[in-house]
Ligand code: SF4
């Protein structure tokens with residue numbers, strides 16, 4: 172109550188007390204309407220209890236929201252530190268100087284950083300920069316500070332993360348095993364409350380994590396890359412074999428479930444390795460030319476490699492489908508419950524908040540939550556406070 176920066180409105184106090192009384196003892200599921208003030212209530216109640224907070228959001232662009240509320244809490248006398256944590260794609264200063272193409276992916280920037288970090292001036296400068304911010308930092312503020320000091324913003328945020336009371340971050344960091352492992356090097360989950368904002372999105376994010384696709388169009392682009400690479404008959408044969416197999420397997424059907432072993436019967440490990448090696452060469456060459464380090468050959472090789480690791484797991488499915496002349500082979504990962512269920516027990520406490528969690532039993536089932544306490548804040552709006560409007564030309568893009 173001391174920390175909450177506003178006057179409680181209807182039902183906010185109930186949610187605040189619910190979190191304060193139960194967080195850490197049970198996972199909490201809370202459904203409250205949009206605009207209710209879920210962020211400041213949850214943040215204040217957990218800070219009041221002590222411990223750190225890892226606040227996870229669906230997309231990187233939403234990480235600033237809890238940090239803005241933390242600033243409000245500090246205006247009322249709080250002394251908390253917080254950080255809007257972003258991935259390398261949003262943070263890397265060097266890639267902005269060296270790569271001219273704009274649509275660069277997370278994977279591209281990781282590849283770029285791996286190969287450039289050793290000589291990166293921003294990373295070197297960071298070795299001698301040990302200042303800890305004295306206030307919560309929004310993404311733009313951290314980037315601005317890093318530009319001014321000529322330090323790497325990505326590794327700077329990792330350096331200061333252990334001093335933060337609140338870290339706001341993308342869902343992928345808790346769902347992806349490797350990212351979670353890297354996160355655990357900068358915070359101790361047993362000392363940290365995990366808040367999952369807009370938690371109804373979890374299952375879709377988890378489904379997308381190991382899902383991927385290749386197509387006959389991407390194989391055609393891979394042939395174009397082979398022309399640039401020069402003499403590579405082995406790679407040509409592998410891609411041609413894959414192309415023919417996809418066509419013959421689907422035959423006249425529009426869509427079918429595919430047993431991935433049938434691909435593996437024809438394409439062996441050394442062939443997959445060669446695709447990855449050649450694709451890596453293409454990525455490096457493109458990077459040197461200031462282009463996005465993308466390669467269709469690499470993508471196909473990596474798809475086959477990852478699929479080989481996963482294909483016999485329960486919950487992994489392969490679908491081959493036709494879209495006009497293009498044939499698309501998709502890998503679907505439907506193990507959301509299994510993947511997510513392993514995460515919740517790691518933390519000091521879990522709080523799932525959303526405007527739409529119901530039916531909550533189905534939600535808990537899908538996200539692998541075995542037991543929980545549930546609070547539903549009713550959506551009571553007086554009739555004379557409602558004004559309906561239809562407005563043209565409004566989008567959800569925040570334009
Ligand atoms: S160390 Fe930082 S600035 Fe340098 S390449 Fe990696 S992410 Fe980019």
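In the working numbering, the protein residues as written are 172 to 570. Yeah, the Cβ is synthetic: ideal placement off N, Cα and C, and Gly gets one too.
For a minimum of 4 consecutive residues, which ranges assigned as the alpha helix (DSSP H) are wholly contained in the region 416-458? 432-435
Using DSSP's beta-bridge definition, name the partner residues of residue 501. 384, 490
For residue 213, which residues from the same chain have a beta carbon less than 7 Å from its beta carbon, with the 5 sequence-adjacent residues on both sides left out? 190, 366, 522, 524
Strand pairing of residue 364, partner residues [DSSP]: 224, 520
DSSP on residue 343, reduced to helix/strand/coil? helix
Please state whether DSSP places residue 545 in a helix, a strand or coil. strand
Residue closest to residue 426, alpha-carbon to alpha-carbon, out of 244, 215, 318, 495: 495
Say whether the region 290-297 touches the region 312-331, bearing in mind that this needs 3 or more beta-carbon pairs closer than 8 Å, one atom from each stretch. yes
Any residue with its Cβ nearer than 5 Å to a heavy atom of the ligand SF4 should be included. What is that list in chain order? 259, 263, 264, 265, 284, 287, 288, 291, 293, 294, 323, 325
Using the three-state DSSP reduction, which class does residue 177 fall into: helix, strand or coil? coil
Member of 276, 266, 482 whose CA lies at the smallest distance from the CA of residue 286: 266
Quick check on this structure: which residue in 343, 222, 176 has the alpha carbon closest to the alpha carbon of residue 519? 222
Could you tell me if residue 480 is buried or exposed, where buried requires 16 or more neighbouring beta carbons within 10 angstroms of its beta carbon? exposed
8 Å Cβ cutoff met for residue 341 and residue 238: no
Tell me, please, whether the region 198-205 touches the region 254-270 by the rule of three or more beta-carbon pairs shorter than 8 Å. no
How long is the line joining the alpha carbons of residue 234 and residue 334, rounded to whole angstroms? 18 Å
My output table needs one value for residue 137: the three-state DSSP class, helix, strand or coil. The first residue shown for the chain is 172 and the last is 570, placing residue 137 beyond what the model contains.
For residue 512, collect the residues of the same chain with a Cβ closer than 8 Å to its Cβ; drop the 5 residues on either side in sequence, then sort them by chain order. 538, 539, 540, 541
Residue 472 versus 484, 515, 441, 418, residue with shortest Cα-Cα distance: 441
Confirm, please, whether the CB-CB distance from residue 275 to residue 457 is below 8 Å. no
Round the Cβ separation of residue 182 and residue 548 to the nearest angstrom and send it over; I've been treating them as touching at under 8 Å. 5 Å
With a 10 Å radius around its C-beta and 16 neighbouring C-beta atoms as the bar for buried, classify residue 565 as buried or exposed. exposed
Which residues bound the beta strand (DSSP E) around residue 253? 253-255
Are there 16 or more other CB atoms within 10 angstroms of the CB of residue 504, so buried, or fewer, so exposed? buried
Can you tell me whether residue 338 is helix, strand or coil according to DSSP? strand
Measuring only the C-alpha atoms, how far is residue 439 from residue 282? 25 Å
Do you know how far the Cα of residue 208 is from the Cα of residue 306? 22 Å
Own chain, CB closer than 7 Å to residue 437, minus 5 neighbours either side, in chain order: 412, 416
Residue 387 versus residue 395: straight-line alpha-carbon distance, rounded: 13 Å
Can you tell me whether residue 315 is buried or exposed? The criterion is at least 16 other CB atoms within 10 Å of its CB, across all chains shown. exposed
In terms of alpha-carbon separation, which member of 430, 468, 501 lies closest to residue 483? 430
Going by beta carbon distance, what residues of the same chain come within less than 6 Å of residue 260, once the five residues before and after it are set aside? 277, 280
Does the distance from the C-beta atom of residue 502 to that of residue 467 stay below 8 Å? no
What does DSSP give as the partner residue(s) for residue 308 in the beta ladder? 254
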